[in-house]
Amino acid sequence: MAGYPTGVAYPATHQPAIAPAHLAAAAWLAGQGHPAIDRPYRFCELGAGSGFTTNLLAAANPFAEFHAVDFNPDHAAAGERLAWAGALPNVRHHALDFAAAREALPDCDFVALHGVWTWVGDAARRDVLAFLARRLRPGGLVFVSYTARPGMDGVAALRAAILGAGLLAEEQPPAERVARVRDWIARLRAAAPALADQDPTLATYIDAFGAMADATALHDFLAPDWRAEFHTAVRDAMAAIGLEWVAEADLPMNLPGAALPAAQAGLLAEGGGEALKDLLHRRTFRRDIYRRPGPAAESPLRWLWRNGGSGDPTPAAVAAGEVVPLVAEPPAAAGLPRLSPFNRAALEIGIGREDARILAATATGGSVVLDRTTAYILAAVASAGPGGGARMMARRLVAEGRSIAAGGRTVADEAGLTRLLEPRIAAFEAAELPQLRELGVVA
Ligand SMILES: C[S@@+](CC[C@H](N)C(=O)[O-])C[C@H]1O[C@@H](n2cnc3c(N)ncnc32)[C@H](O)[C@@H]1O
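The sequence shown: position 200 = 393 (my numbering), numbered continuously.
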């Protein structure tokens, strides 16, 4: 069977957990070292898709160097286009497979693979390990996510049955393959309605598959090499190249008790480790961080408290995201907000189903998610003269043929929209804008 699908582009996603600052916070929680995140370092994302996250990280950490690797040339070209639009001098998108990347790239302090390990075959996994063995610096961190056992065992059985029914034959066009699987799953559901009763994850998959976009179905579930793994299997593979497990990138899962009921937390405290944790949680997905033993950053992390608070953070506050690492002081700002070229471009890119807008935050080295309305407001306020945000946004809405429903009527004219928007824009300038400045989203 052919390997990873390349005929259909993977939809752009945003993966906040691969940010170096986030990986450092996880290492801090585990009491382990990490490379410095507030001075030059090198980051590489393997299997980066269209490279949105790597581009965003390059915008959020302009002092560091970023590389995105993906063997699909359409993906690398999309990443390159956004890097141009965002005027990012510190990122490169490589149309290379993992083996070629091992030869071509320089050594890295951080390497991330999101949505890769589960989906590629044994040869590509070996290439990933060989890349890490050669290119991860001592003291460096690796992020790897994968579809996990035992939570996905039922879904793995469904996939085995789909393969057994001969539904993934490569000679069919991809859209036809997905359509045949959809049809077959619908018949399975009708023939065996109780099949998924004992397995909520299987039930969710069976339900979701009918509505899944073709590209997502092909890449996420029907990729020929798809495989769910136990944590221990991935850990063994990493140990074989000298990497040690550090923590989960899902921070609350690292706290003692890992959000389990008291009796289960008690059992876990006695032993059983990650395997028992995964059994108790019926884990379906894991994001893990590994480390090559070596020197750690000498300076301690600096922290930014969200919504008040100060001083040394507690593990619980870090796990809850109430306090996050600070990688740079936000630029001193006054007057109209200024958007970087990347954030200006990102305001126009919808990522994910909610059509959210994801912007780079230079103080935290990560991202901020805005809903679409707030993104419109920010764009208007940033490009208008003083006090002109409401009129600017009203003009845009009129140009796009949009309206706002208010007080039982529909407002679609510029003057009416301007009046309607003025209080909302004033509230944005008073409350949200100062927060965006503090995070370094605007200068
Ligand atoms: C499921 S997508 C994940 C994309 C992105 N990391 C994300 O999470 O949105 C997996 C990506 O790995 C890339 N890929 C698969 N095998 C590869 C290989 N051997 N070398 C380089 N890239 C590969 C695919 O082209 C695809 O873009």
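Think of the CB as a built atom: it goes at the ideal place given N, C-alpha and C, for glycine as much as any other residue.
Problem - Beta-carbon proximity list for methionine 345, same chain, < 7 Å, skipping 5 on both sides - result: Thr394, Ala421 and Thr477
Exercise for the section: Spatial neighbours of alanine 489 within its chain, please: CB distance less than 7 Å, with the 5 preceding and 5 following residues excluded, ordered by chain position. Expected result: Gly226, His227 and Gly332
Handout entry: Simplified DSSP assignment, three categories, for serine 560
Key = strand
Handout entry: Same chain, Cβ closer than 8 Å to arginine 295, five either side skipped, listed in chain order
Key = Asp320, Ala323, Phe324, Arg327 and Arg328
Practice task
Rank Arg484, Glu615 and Pro579 by C-alpha distance to the C-alpha of proline 213 and give the top, closest one.
Solution key: Arg484
Problem - Residue ranges of each beta strand (DSSP E) within the stretch 420 to 504, 3 or longer - result: 437 to 441, 478 to 484 and 496 to 498
Practice task
For histidine 227, name the three-state secondary structure that DSSP assigns.
Solution key: The answer is coil: DSSP assigns histidine 227 none of H, G, I, E or B.
Problem - Straight-line gap, tyrosine 197 to histidine 307 (C-alpha atoms, nearest Å) - result: 15 Å
Exercise for the section: Just grab the DSSP bridge partners of glutamate 258 for me. Expected result: Arg235
Exercise for the section: Out of Ile542, Leu519 and Ala619, state which residue places its alpha-carbon closest to the alpha-carbon of aspartate 231. Expected result: Leu519
Exercise for the section: Could you please give the first and the last residue of the uninterrupted beta strand (DSSP E) stretch that includes glycine 332? Expected result: 329 to 340
Practice task
Answer yes or no: the CB of glutamate 268 versus the heavy atoms of ligand 1, is any distance below 7 Å?
Solution key: Position check: residue 268 holds histidine in this sequence, whereas glutamate was assumed. Checking every heavy atom of ligand 1 against the Cβ of histidine 268, one is found closer than 7 Å.
Problem - Pairwise C-alpha distance: proline 445 and glutamate 648 - result: Since the displayed the chain opens at 194 and closes at 636, residue 648 lies outside it and no answer follows.
Handout entry: Sub-8 Å separation of aspartate 263 and alanine 292 beta-carbons
Key = Taking 8 Å as the cut-off, the beta carbon of aspartate 263 is found no closer than this to the beta carbon of alanine 292.
Handout entry: Contact set for methionine 194: own chain, Cβ-Cβ below 7 Å, skip 5 residues either direction
Key = Bear in mind that a pLDDT of 40 at methionine 194, under 50, signals an unreliable position, so the number given afterwards is only what the model happens to contain. Glu363 and Pro417.
Handout entry: threonine 603, enclosing beta strand (DSSP E) - first and last residue
Key = Counting along the chain, the beta strand (DSSP E) containing threonine 603 begins and ends at 602 to 604.
Exercise for the section: Mind checking which residues open and close the beta strand (DSSP E) that includes isoleucine 551? Expected result: Here the beta strand (DSSP E) through isoleucine 551 covers 550 to 554.
Problem - Exposure of glutamine 208, with buried meaning 16 or more beta-carbon neighbours within 10 Å - result: Counting every other CB atom within 10 Å of its CB across the protein chains shown gives glutamine 208 a total of 16 or more, marking it as buried.
Practice task
Could you tell me whether the stretch 574 to 582 touches the stretch 529 to 544, using the rule of 3 or more Cβ pairs below 8 Å?
Solution key: yes
Problem - Touching by the beta-carbon criterion (3+ pairs, under 8 Å), the stretch 436 to 456 and the stretch 216 to 224 - result: yes
Handout entry: Backbone secondary structure at phenylalanine 264 - three-state DSSP
Key = coil
Practice task
Under 7 Å Cβ to Cβ from leucine 678, same chain only, skipping five residues before and after it: list those, please.
Solution key: Nothing can be reported for residue 678, as the shown portion of the chain is limited to 194 through 636.
Handout entry: Contact check, glycine 244 vs histidine 215, beta carbons under 8 Å
Key = no
Problem - Pairwise C-alpha distance: alanine 572 and arginine 617 - result: 14 Å
Handout entry: For glycine 459 and threonine 199, the rounded distance between their alpha carbons
Key = 47 Å
Handout entry: Proximity of serine 533 and alanine 229 at Cβ, strictly below 8 Å
Key = Taking 8 Å as the Cβ cut-off, serine 533 and alanine 229 do not qualify as a contacting pair.
Exercise for the section: Examine the Cβ distances between the stretch 493 to 511 and the stretch 234 to 251 and report whether three or more of them are shorter than 8 Å. Expected result: no
Practice task
Flag tyrosine 203 as yes when its Cβ comes closer than 7 Å to any non-hydrogen atom of ligand 1, and as no otherwise.
Solution key: yes
Practice task
Apply the 10 Å Cβ neighbour rule to glutamate 522 and answer buried if 16 or more other Cβ atoms are within range, or exposed otherwise.
Solution key: exposed
Problem - Counterpart residues of arginine 285 in DSSP-defined beta bridges - result: His260
Exercise for the section: Could you round the C-beta distance between tryptophan 312 and histidine 412 to whole angstroms and report it? I think they count as a contact, below 8 Å. Expected result: 7 Å
Exercise for the section: Please say whether arginine 550 and leucine 563 have beta carbons closer to each other than 8 Å? Expected result: yes
Exercise for the section: Let me know the secondary structure DSSP gives valine 520 once reduced to three states. Expected result: coil
Problem - Neighbourhood of alanine 217 by C-beta, 7 Å cutoff - its chain only, sequence neighbours within 5 removed - result: Counting only Cβ-Cβ distances below 7 Å, and skipping sequence neighbours, we find His227, Ile230, Leu494 and Pro518.
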